[in-house]
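One structure is given below, encoded as structure tokens.
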Amino acid sequence: VARDLEVGIDIERSREIPNALGIARRVMSAAEIAQLESAGNDTATFLRLWTCLEARQKCLGEGVFGRRVDETQVGTLSFPAGEGLLACVAWADPGVTADMRFLELGSF
């Protein structure tokens, strides 16, 4: 939920990604590819970069292969979303600081 601000979110389950570097080279920026390469093509690094890429693209209404949303155009926050899950939320104003609250479903 966001007030007066476009947001995008992506969540992925931790898993092996065959050819992660090849996928990254198709859609990620040179800086993101360099991060992945420096991490030894680590799956966790790929998923963190991927969730942020998808959240940024969704935030501004672009698909994965749409107009590239640069990392400086939006704010992002990557976080664990449960056991074996990684998520990233992006918001349309990088000057805004995120104020996130996590709710436990069992508390309702």
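Under this note's numbering, think of the first position of the sequence shown as 6, with each following residue one higher. Glycine included, C-beta positions come from ideal geometry on N, C-alpha and C.
What distance in whole Å lies between the Cβ atoms of residue j and residue i, which are believed to be in contact at a cut-off of 8 Å?
i: Trp-96; j: Cys-64; result: 7 Å
i: Thr-48; j: Ala-25; result: 7 Å
i: Gln-78; j: Val-69; result: Wrong, their Cβ atoms sit about 16 Å apart, outside the cutoff.
Look at the Cβ atom of residue i, then the Cβ atom of residue j, and state whether they are nearer than 8 Å.
i: Ile-16; j: Ala-86; result: yes
i: Asp-98; j: Gly-71; result: no
i: Val-94; j: Ile-14; result: yes
i: Leu-4; j: Leu-52; result: With the chain covering 6 to 113 only, the question about residue 4 has no answer from this structure.
In the DSSP assignment, the alpha helix (DSSP H) including residue i goes from what residue to what residue?
i: Ala-35; result: 35–43
i: Val-32; result: 25–32
i: Phe-51; result: 48–64
So is residue i buried or exposed if we call it buried at 16+ other beta carbons inside 10 Å?
i: Leu-91; result: buried
i: Pro-35; result: Residue identity differs from the one stated: residue 35 is Ala in this sequence, not Pro. It counts as exposed.
i: Glu-88; result: exposed
i: Ala-39; result: exposed
i: Glu-109; result: exposed
Along the chain, where does the beta strand (DSSP E) containing residue i start, and where does it finish?
i: Glu-17; result: 12–18
i: Pro-99; result: Pro-99 -> no beta strand (DSSP E), and no H or E assigned at all.
i: Ala-86; result: 80–87
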